[in-house]
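Numbering (this note's numbering), first residue to last: 529 to 1037.
Every residue, glycine too, gets a C-beta built ideally from N, C-alpha and C.
Worksheet: the structure to be examined is printed underneath.
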Amino acid sequence: MNKKELLAAKALRQQELVDAAKRESRDLTAGEQAEFDRLQSEIEELTRQTEAENGFPKEPDGSEQNRTRQLVEDAIAAERQRVATITALCRDFGIDPDRYLSEGKSPDETRAGILEHLRQSKKPLTARISVEETGEDEFRRDAAEGMVLRGGLTPEGVHEGARQFAAMSLRDLAIECLEREGMAGARRMSSDELFSEMQRQYYNPTSAFPAILDSAIEKAYVTGHKQVPVTFDRWTRKGTLSDFKRHDNNYLAGPIGDFEEVPEGGELKHDRPVDAQLPTRQLKTYGKQFTLSRQAFINDDIGLVTSIPARHAAAARRTINRQCYGLLMKNPKIYDGKALFGGDHKNLLNKGTGITKEAVQAMIMAISTQKDQFGQAITIRPAMLVLPVGLGFDLFTLFNSPTIQTADNTQAVNPLYRYGLEQVEDPEINRLAGEGNPVPWFMLGAVEDTAFMEVDYLNGQEVPTIRRMETAGQLGFVWDVYLDWGISVMDFRGAVKNPGEKIVNTLLA
């Protein structure tokens, strides 16, 4: 390290001592004052030596102090440039810059050291070419993916470069971003000072750290949205609406009457089809908000950036799941002003049962003999059984046994053997039924024959939207998460309900 670099290092150390005292609103301690004075003496001596080497003439009183100050300022500026250049070089090749910085290496010496390191490790220089080509974009992408990996999630298509960021704390990542932007001394800042600096960059669209947080949160909530275990989308139809208006003016054209014989000389009779109104559809907005607070940043709470967004996205899917099963279980009045199950809808068994041959056959008959709005016979193919947890074992036995026991204690062919009904079990039915009550189960028709229930999304978007909130005043980074959807019963003919019976767990009874 030459004299100019020594000057810079000693001046920076003096500044650190003064800044630490200012942050704590106190004077320098005796030890700090002694170190400050010693550094000052060394700076003055180095300045005199530098002037002698450069041939500076002796000037009147006062000028020497100005020259000293200028030399120190120039040295500090040069040191900051050295730190920024070396840090950028090392990061481009995945090498820790601390070694070269602490040994006082120049940028040229650092380049030579990097080349030697690559030669000894036989690592080809092309290893970082792709990063050089897209530099900042790939850094932000890999940093965001590394943050998600550290949070315990595994997004799709993780790039190899993300692994080197997976162990970085929020503090380390903030320092990395500042150093890449040319700010020297970031490593000497406290976590609170770093947070304040990040807050200043919060509203700057070109800053790296907020952009990386946004990207990590987006990857986390998309992953959480895909991985949440729900079943509503297996028996509902996905729809789309382009606005939030109430869509209640859709009509279904009635059938044309049968052609009638026209006798010789007779007249053709006028036919006037009848229309029927379809169910009302309307979207609503649902959402939440979460914050990466100052304390969470200082505590390096990575979960607020990864697991919390993933849980919010999963919560959106679970909310839709609960609402769909709520319509099944609560039997509300639907578009025709009547209860969903029962009455002249002819889709409710008179008596609840468990999984039996007779019950399944009765439900098949009920769903297959429905008529449309105009009294015409329609074809609805039984396609699915939606069950509470606890009935799946009986159903498997019923549909996979080639023979059944008859009343005469003889074996007979099982007409339901491999009948081909899809099975969906969801504990939401058990929860809504309540402890100790009969638990219903349902048979649904094929969606292509008649859509029983539909979940509409705004412009077909079923993944929640997340955006950084632009309103100041909160001590932290704030994001909004929201999604627009609406659930409608489209046709009661597409489902039959068995009121069920109590499900008893013999091990807990």
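{"query": "Between the stretch 874-882 and the stretch 1003-1015, do three or more beta carbon pairs fall short of 8 Å?", "result": "no"}
{"query": "Tell me, to the nearest whole angstrom, how far the beta carbon of A842 is from that of H775; I am working on the premise that it is less than 8 Å.", "result": "Going by Cβ atoms, the distance from A842 to H775 rounds to 29 Å, so no, they are not a contact pair."}
{"query": "May I ask you to list the residues that DSSP assigns as paired with Q817?", "result": "D1008"}
{"query": "Just checking, does the stretch 731-751 make contact with the stretch 852-863 on the three C-beta pairs under 8 Å criterion?", "result": "no"}
{"query": "DSSP beta-bridge partners for L1088?", "result": "Nothing can be reported for residue 1088, as the shown portion of the chain is limited to 529 through 1037."}
{"query": "Between the alpha carbons of Q542 and L535, how many angstroms are there, rounded?", "result": "11 Å"}
{"query": "Measure how close the beta-carbons of K816 and V1009 come, nearest whole angstrom, since I'm counting them as under 8 Å.", "result": "5 Å"}
{"query": "Would you identify the three-state DSSP class for G752, choosing helix, strand or coil?", "result": "helix"}
{"query": "Just mark K866 as buried or exposed, buried being the case when its beta carbon has 16 or more other beta carbons within 10 Å.", "result": "exposed"}
{"query": "Exposed or buried, which one is A940 when buried takes at least 16 other CB atoms within 10 Å?", "result": "exposed"}
{"query": "Given a threshold of 16 other Cβ atoms within 10 Å of its Cβ, counted over all protein chains shown, does Y945 qualify as buried or as exposed?", "result": "exposed"}
{"query": "When the Cα atoms are used, what is the spatial distance from S896 to K766?", "result": "24 Å"}
{"query": "Which residues does DSSP pair with P791 in a beta bridge?", "result": "Answer by DSSP bridge pairing: none, since P791 is not bridged."}
{"query": "Starting from L556 and walking both ways along the alpha helix (DSSP H), at which residues does that stretch end?", "result": "Run containing L556: none; DSSP gives neither H nor E here."}
{"query": "Look at the alpha carbon of D636 and the alpha carbon of Q989, and state the distance between them as a whole number of angstroms.", "result": "53 Å"}
{"query": "State the Cα-Cα distance for the pair Q898 and G793, rounded to the nearest angstrom.", "result": "40 Å"}
{"query": "Given I657, which residues of its chain have a CB within under 8 Å of its CB, disregarding the five upstream and five downstream residues?", "result": "Legend: pLDDT at I657 = 37, less than 50; position of this residue unreliable, value from coordinates given subsequently. Excluding residues within five positions, none has a Cβ falling inside 8 Å."}
{"query": "Thinking just about the alpha-carbon of each residue, which of E607, I957, V1017 is nearest to the one in G710?", "result": "E607"}
{"query": "Just reading off the alpha helix (DSSP H) that K766 is part of, what are its end residues?", "result": "Premise fails: K766 lies in the beta strand (DSSP E), 765-769, not in any alpha helix (DSSP H)."}
{"query": "Fully enclosed by the stretch 608-654, which alpha helix (DSSP H) runs are 4 residues long or longer?", "result": "626-630, 635-649"}
{"query": "Contact between the stretch 924-934 and the stretch 835-851: three or more CB pairs below 8 Å?", "result": "no"}
{"query": "Taking just the CA atoms, how far does S630 sit from R554?", "result": "30 Å"}
{"query": "Please go through the same chain and pick out, in chain order, the residues whose beta-carbon is closer than 6 Å to the beta-carbon of T662, but skip the five residues on each side of it.", "result": "Interpretation of T662 is limited by its pLDDT of 48, a score under 50 that renders its predicted location unreliable; the figure taken from the coordinates is listed afterwards. Cβ within range, chain order: n/a, list empty."}
{"query": "I need the DSSP call for H840, collapsed to helix, strand or coil.", "result": "helix"}
{"query": "Which residues mark the beginning and the end of the alpha helix (DSSP H) in which G663 is found?", "result": "657-678"}
{"query": "Where does M891 sit, in a helix, a strand or coil, going by DSSP?", "result": "helix"}
{"query": "Straight-line CA distance for V914 to T978?", "result": "16 Å"}
{"query": "Taking the alpha-carbon positions, what's the G590 to E572 distance?", "result": "A caution first: G590 carries a pLDDT of 49, below 50, which makes its placement in the model unreliable, though a value can still be read off. Their backbone Cα atoms lie some 14 Å apart in a straight line."}
{"query": "Give the range of the alpha helix (DSSP H) segment to which M912 is assigned.", "result": "Here M912 belongs to no alpha helix (DSSP H); instead the beta strand (DSSP E) covers 910-915."}
{"query": "When you compare only the Cα positions, how much space is there between E950 and M891?", "result": "15 Å"}
{"query": "Can you tell me the Cβ-Cβ gap for W763 and L972, rounded? I've got them flagged as a contact below 8 Å.", "result": "5 Å"}
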